[in-house]
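Visitor: At position 50 of the sequence shown the residue is numbered 62 (the working numbering), and the sequence of numbers has no breaks.
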Amino acid sequence: MVGGSEMADFTIGYTQQFYQSLAELVSWWEEELLFTEAEISRFVTLIYESLQKVRHFPQMYPEVSEVYGFTQPTHRIVIGKALALFYRVDEARQVIVVGRIFQTKQLKLQF
13 MVGGSEMADF
23 TIGYTQQFYQ
33 SLAELVSWWE
43 EELLFTEAEI
53 SRFVTLIYES
63 LQKVRHFPQM
73 YPEVSEVYGF
83 TQPTHRIVIG
93 KALALFYRVD
103 EARQVIVVGR
113 IFQTKQLKLQ
123 F
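#1: Which same chain residues, not among the five before or five after F30, have their C-beta less than 8 Å away from its C-beta?
#2: On the three-state DSSP scale, how would you describe R112?
#3: Return the chain-ordered list of same chain residues with a C-beta closer than 7 Å to the C-beta of P74, the five sequence neighbours on each side being excluded.
#4: For the 8 Å Cβ check, are there 3 or more pairs between the segment 66-84 and the segment 51-58?
#5: Just verifying my parser: in three-state terms, what is the DSSP assignment at A94?
#6: Who pairs with R88 in a beta bridge, going by DSSP?
#7: Rounding to the nearest angstrom, what Cα-Cα distance links H68 and I59 in this structure?
#8: Closest to Q115 by CA distance: which of E103, Y99, A104 and A94 is it?
#9: Have a look at the DSSP bridge pairing and note the partners of I24.
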């Protein structure tokens, strides 16, 4: 590329907490909310599409470590009105480390 450098995509690294929280969320959708398989698939697709964008633009979502009292820079993705997940950018390894998914009501924020 003339006049600049091409940026490589980051790799997505999913934590065990991510997988566990996703499984719990899907179970809740199925058992408590009686979502159809198509509805669940739509939400899971939204989660993964959001994360694919982060591969290309790791800083695109807000850095929220001060808001939540994290000691490391952490970004938050809000999915719809009900879900949020956090991730950290490991620049040295070119990895996006994805943490738990939360229902936004679990975040207990006050203004």
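Backbone N, C-alpha and C define an ideal beta-carbon position, used for all residues, glycine too.
Guide: Reading off the structure:
#1: Here residue 30 corresponds to residue number 18 of the sequence shown, with the count starting at 1. Excluding residues within five positions, the ones whose Cβ falls inside 8 Å are L97, V110, G111, R112 and I113.
#2: Locating residue 112 in the sequence shown gives position 100, counting from the first residue. Reduced to three states, the DSSP call for R112 is strand.
#3: Walking along the sequence shown from the start, residue 74 turns up at place 62. Taken in chain order, the residues that qualify are H87 and R88.
#4: no
#5: Taking the first residue of the sequence shown as position 1, residue 94 is located at position 82. The answer is coil: DSSP assigns A94 none of H, G, I, E or B.
#6: Residue numbering aside, residue 88 sits at position 76 when the sequence shown is read from its first letter. BP columns for R88 point to F98.
#7: Translated into the one-based positions of the sequence shown, residue 68 becomes position 56. Translated into the one-based positions of the sequence shown, residue 59 becomes position 47. Going by the C-alpha atoms only, they are around 15 Å apart.
#8: For the purposes of this step, residue 115 is taken as the residue at position 103 of the sequence shown. Ranking the options by Cα distance to Q115, first place goes to A94.
#9: Locating residue 24 in the sequence shown gives position 12, counting from the first residue. Per DSSP, I108.
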